[in-house]
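Structure record follows, encoded as structure tokens.
So this is what it looks like as structure tokens:
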């Protein structure tokens, strides 16, 4: 018994696992340790988790159907937090099949495992990227999201549809979480804060897309973790007032819910860079570039539903979060 955290060697999975362990929860961490980015970073995260006797690690790929079936049958998980996925918008242009394998086939194995083994609650990661071409701000879970601009976004919307179907068919309590630009210590090396920090410290130019005319709802990782932890015992219930003649995308007659987890305070990319420069004590040389395929110009989370459900909304100031990341980065890489 306990909690299965998939993607446990990943950025968010590591932080969620560490928080659960601190709360005395038994955690089984699953990861395939792929080489999408530095495997050494993933292994170092795992080393920290493995120091706790309540943590056990399983090296397994979500697409391994037999392996996943055996794991679920053997372990009898109470809850599953699925944070494993092939991430990255730009990489989905280069290697689309990786997204079908991990984010669709792999997610199906998660759903089947929960269905056949009486898992009490499945929480899974979606993404703010599902809002695609939407321009009405802030983004709300009650808005339609049918116009993705990347395969990554499409795969995350597909996850939401698949999860809803299983919730409806098998009365499975399922909660989907749309994350907004997560950052913090132990972060992903392919994300902007990590890339900018590395380049500035090396005296190299940073690539600033869309000439810097971007807005992002940067969300500190501890706020993401807090939202997840509060939602674990909060089982979604059927909405008896749901109306098929006027369907609400943010609710359901099944035990299924979606929540945004974002800082609900979008920041201009150039202002974000200025905060990073201040924390590093160095100026960045900016290479201004056009908008990249698959990108969106702005993200902004409406977190009213999350606040109503569990009394929490992210609020870590960007200066504080960036400062913590910079201190971790300097310590980890010896700058």
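Numbering (this note's numbering), first residue to last: 1225 to 1559.
No residue lacks a Cβ here, since even glycine has one placed at the ideal position from N, Cα and C.
Check residue i in the structure and name its three-state DSSP category.
i	result
residue 1464	coil
residue 1511	strand
residue 1440	strand
residue 1280	strand
residue 1431	strand
residue 1363	strand
residue 1523	coil
residue 1314	coil
residue 1369	coil
residue 1327	helix
residue 1491	strand
residue 1303	strand
residue 1456	coil
residue 1355	helix
residue 1287	coil
Please name the residue in the options whose C-alpha comes closest to that of residue i.
i	options	result
residue 1341	1318, 1357, 1362 and 1297	1297
residue 1366	1544, 1345, 1481 and 1237	1481
residue 1600	1356, 1302 and 1382	With the chain represented from 1225 up to 1559, any question about residue 1600 goes unanswered, as that position is not in the structure.
residue 1446	1229, 1227 and 1236	1236
residue 1455	1294, 1391, 1331 and 1397	1397
residue 1510	1448, 1529, 1349 and 1428	1428
residue 1282	1309, 1254, 1302 and 1307	1254
residue 1529	1474, 1557 and 1544	1474
residue 1299	1307, 1280, 1317 and 1243	1280
residue 1504	1551, 1516 and 1517	1551
residue 1335	1304, 1531 and 1361	1304
residue 1558	1288, 1458 and 1426	1426
residue 1502	1226, 1424, 1289 and 1465	1424
residue 1328	1385, 1294 and 1344	1385
residue 1507	1491, 1294 and 1430	1430
residue 1330	1352, 1306 and 1261	1306
residue 1432	1284, 1516, 1372 and 1352	1516
residue 1352	1378, 1276, 1338 and 1345	1378
residue 1401	1419, 1417, 1358 and 1448	1448
residue 1498	1489, 1344, 1555 and 1542	1542
residue 1284	1321, 1465, 1320 and 1233	1233
residue 1512	1291, 1527 and 1434	1434
residue 1472	1343, 1256 and 1369	1369
residue 1295	1257, 1321, 1319 and 1228	1228
residue 1380	1535, 1458, 1536 and 1325	1325
By the DSSP assignment, the alpha helix (DSSP H) with residue i in it spans what residues?
i	result
residue 1241	1235-1246
residue 1546	1542-1557
residue 1255	Unbroken run through residue 1255 is the beta strand (DSSP E), 1251-1255; no alpha helix (DSSP H).
residue 1400	Taken as a continuous stretch (DSSP letters only), residue 1400 belongs to no alpha helix (DSSP H), being part of the beta strand (DSSP E) at 1398-1403.
residue 1534	1528-1534
residue 1228	Unbroken run through residue 1228 is the beta strand (DSSP E), 1227-1230; no alpha helix (DSSP H).
residue 1390	1375-1394
residue 1263	1263-1273
residue 1425	1416-1425
Which stretch, first to last residue, makes up the beta strand (DSSP E) that contains residue i?
i	result
residue 1351	1345-1351
residue 1562	With the chain running from 1225 to 1559 in the structure shown, residue 1562 is simply not present.
Could you round the C-beta distance between residue i and residue j to whole angstroms and report it? I think they count as a contact, below 8 angstroms.
i	j	result
residue 1441	residue 1487	5 angstroms
residue 1438	residue 1533	With 8 angstroms as the limit, residue 1438 and residue 1533 do not qualify as a contact, their Cβ atoms being about 30 angstroms apart.
residue 1404	residue 1311	Contact doesn't hold; Cβ gap of about 14 angstroms is too wide.
residue 1355	residue 1363	5 angstroms
residue 1313	residue 1374	5 angstroms
residue 1421	residue 1553	5 angstroms
residue 1399	residue 1460	6 angstroms
residue 1493	residue 1436	5 angstroms
residue 1226	residue 1252	6 angstroms
residue 1545	residue 1408	6 angstroms
residue 1476	residue 1388	6 angstroms
residue 1357	residue 1371	4 angstroms
residue 1257	residue 1263	6 angstroms
Assuming contact is defined by CB atoms lying nearer than 9 angstroms, are residue i and residue j in contact in what I supplied?
i	j	result
residue 1549	residue 1411	yes
residue 1347	residue 1452	yes
residue 1413	residue 1265	yes
residue 1301	residue 1272	no
residue 1333	residue 1286	yes
residue 1444	residue 1514	no
residue 1478	residue 1391	yes
residue 1249	residue 1268	no
Is the CB of residue i under 9 angstroms away from at least one CB in chain D?
i	result
residue 1259	Among the chains in the structure shown there is no chain D, since it carries only a single protein chain.
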